[in-house]
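For reference, the structure is listed below as structure tokens.
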Amino acid sequence: MRTSLSLRARRLQTPIAVLAAVWLFAGPSRAIAQQPEAAPKQAVVTVRGMQCPFCAYGIQKQLKKLAGVARVHVELEKNQAVVTLAPGATVTGADIQRAIRKAGFTPGKIEWKTAP
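Sequential numbering from 69 applies to the sequence shown in the working numbering.
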């Protein structure tokens, strides 16, 4: 009788071990796959010295050269540049300020937001 019980126990151990292994490896990957992508960030930068659409175009052109910039919108009336970064971009505030200076303007404060 002990032999048959031992044989049954062994037969059950294999499927249980397989199920445990599947659960162990499949569970975390499913959780990782369900995580949403990080929302893109936006930098709203005050720009001093903009007077005309050509000024805005020059700033926009320099900011778009930065690797990781997805979109640039310059608001002449508000003296602001809105820089939307691609997810995972490593553009810093210093990079943005440097690009604005390269365009010939003075960057002001930068406010970081989550892109809508």
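Cβ atoms here follow ideal geometry from the backbone N, Cα and C, with glycine treated the same way.
*Since residue 109 contacts residue 182 with CB under 8 angstroms, what's their CB separation in whole angstroms?*
For this step, residue 109 is matched to residue 41 along the sequence shown. For this step, residue 182 is matched to residue 114 along the sequence shown. With a Cβ gap of about 6 angstroms, residue 109 and residue 182 count as contacting.
_Beta-carbon spacing of residue 128, residue 140 below 8 angstroms_ = Residue numbering aside, residue 128 sits at position 60 when the sequence shown is read from its first letter. Residue numbering aside, residue 140 sits at position 72 when the sequence shown is read from its first letter. Yes, they are a contact pair.
*Mind checking which residues open and close the alpha helix (DSSP H) that includes residue 130?*
Taking the first residue of the sequence shown as position 1, residue 130 is located at position 62. Going by DSSP, residue 130 is part of the alpha helix (DSSP H) stretching over 121 to 132.
_Residue closest to residue 157, alpha-carbon to alpha-carbon, out of 135, 164 and 178_ = Reading the sequence shown from its first residue, position 89 is the one you call residue 157. Relative to the Cα of residue 157, the nearest Cα in the group 135, 164 and 178 belongs to 135.
*DSSP puts residue 181 in a beta bridge; with which residues?*
Taking the sequence shown and counting its residues from 1, one reaches residue 181 at position 113. Looking at the DSSP assignment, residue 181 forms a beta bridge with 110.
*Looking only at DSSP bridge pairs, what is residue 174 linked to?*
Translated into positions along the sequence shown, residue 174 becomes position 106. Per DSSP, 116.
*Hey, out of 184, 177, 173 and 180, whose CA is closest to residue 119's CA?*
Position 51 of the sequence shown, counted from the first residue, corresponds to residue 119. Ranking 184, 177, 173 and 180 by Cα distance to residue 119 puts 173 first.
*For residue 162, three-class secondary structure by DSSP*: Counting from 1 along the sequence shown, the entry for residue 162 is found at position 94. Under the three-state reduction of DSSP, residue 162 is assigned to helix.
*Buried or exposed for residue 155, please, with buried defined as at least 16 other CB atoms from any protein chain shown within 10 angstroms of its CB.*
Looking up residue 155 in the sequence shown gives position 87. Counting Cβ neighbours within 10 Å, residue 155 comes out exposed, since fewer than 16 surround it.
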